[in-house]
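Asker: Structure below; questions to follow.
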Amino acid sequence: MVEVDLRGRDITDPNVLAAMLKVPRHEFVTGKNKNLAYADFPLPIGKDQTISQPYIVALMTQSARLQPEDRVLEIGTGSGYQAAVLAEMVKEVYTIEIIEALAADARSDLKRLGYDNVKVKHGDGYQGWEEFAPFNAILLTAATPEIPQPLIDQLKEGGRMVLPLEGMLFQDLVRITKSKGQLKREKITGVRFVPMTGEVRQ
Ligand code: SAH
């Protein structure tokens, strides 16, 4: 998977490749999906949600330009796989999941696998996690029509936010960089994520 689907494409950051080699993706899926864990496509994790395909996880992680001392917030814990990849690369990971059963499963999987630097919260990620803000990087793994203002506020100066932004028909994976209080937006590629639910739709 790492050699063909990541290195064979445009994943070049050695720290991302090392993290992707290390995290056991099969531990984050169940049943017969375990046999498919290292194929480059999304897989169902129950409750109509999916674990993202490995290439997209790697691409988002690389796009966030992480440093070892970083504190990172993820919105959309899902299986916990992306959080584990982040946890291999940075000091602290905070992740929020709106579906309680998924948050509970991810919390116990991450604990079992020894990811002590990840905190999982059940709730709507719209409001971010004020208690541990500001964050060097924020990843959203559910598509949103707009960037929630609390997340912009909780991004540190110089921080990077990577998210799928909904357009009229498609979603763009974008990187937002905060510099001198201004936001710079760059398109990374076209993607297809499950929608962010909750307050952002009201
Ligand atoms: N990062 C995950 C995949 C995410 S799928 C992984 O590595 O497995 C997107 C997840 O976002 C789903 O689990 C969905 O329930 C969650 N989600 C959707 N809207 C949300 C919100 N407002 N706050 C937090 N989580 C949300």
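Heads up: the sequence shown begins at 5 in the working numbering, then just goes up one per residue.
Each residue gets a CB set at the ideal place from its N, CA and C atoms; glycine is no exception.
None of these values were measured; they are calculated from a predicted model.
1) Tell me whether residue 122 is buried or exposed, calling it buried when 16 or more other Cβ atoms sit within 10 Å of its Cβ.
2) Beta strand (DSSP E) containing residue 121: first to last residue?
3) Three or more beta-carbon pairs under 8 Å between the region 86-93 and the region 109-125, yes or no?
4) If you drop the 5 nearest sequence neighbours on each side, which residues of the same chain put their C-beta closer than 6 Å to that of residue 96?
5) Distance, Cα to Cα, residue 161 vs residue 43?
6) By the 10 Å Cβ neighbour count, where 16 or more other Cβ atoms means buried, how is residue 82 classified, buried or exposed?
7) Could you check where the alpha helix (DSSP H) with residue 20 kicks off and where it finishes?
8) Is it the case that the region 14-29 contacts the region 173-185, given that we only count it when at least three CB pairs across the two stretches are under 8 Å?
9) Taking the alpha carbon of residue 183 as the point to measure from, which residue in 159, 32, 129 has its own alpha carbon closest?
10) Excluding the 5 residues preceding and the 5 following residue 189 in the sequence, name in chain order all residues of the same chain whose CB lies nearer than 6 Å to its CB.
11) Determine the closest residue to residue 98 out of 201, 137, 117, with distance taken between C-alpha atoms.
12) To the nearest angstrom, how far is it from the Cα of residue 49 to the Cα of residue 107?
13) Flag residue 27 as yes when its Cβ comes closer than 7 Å to any non-hydrogen atom of the ligand SAH, and as no otherwise.
14) Quick one: does the C-beta of residue 65 sit closer than 7 Å to a heavy atom of the ligand SAH?
15) Using 10 angstroms around the beta-carbon of residue 197, count the other beta-carbons present and answer buried if the total reaches 16, otherwise exposed.
Answerer: So, from the listed chains and residues:
1) buried
2) Run containing residue 121: none; DSSP gives neither H nor E here.
3) yes
4) 75, 121
5) 37 Å
6) buried
7) 18-26
8) no
9) 159
10) 178, 180
11) 137
12) 12 Å
13) no
14) no
15) buried
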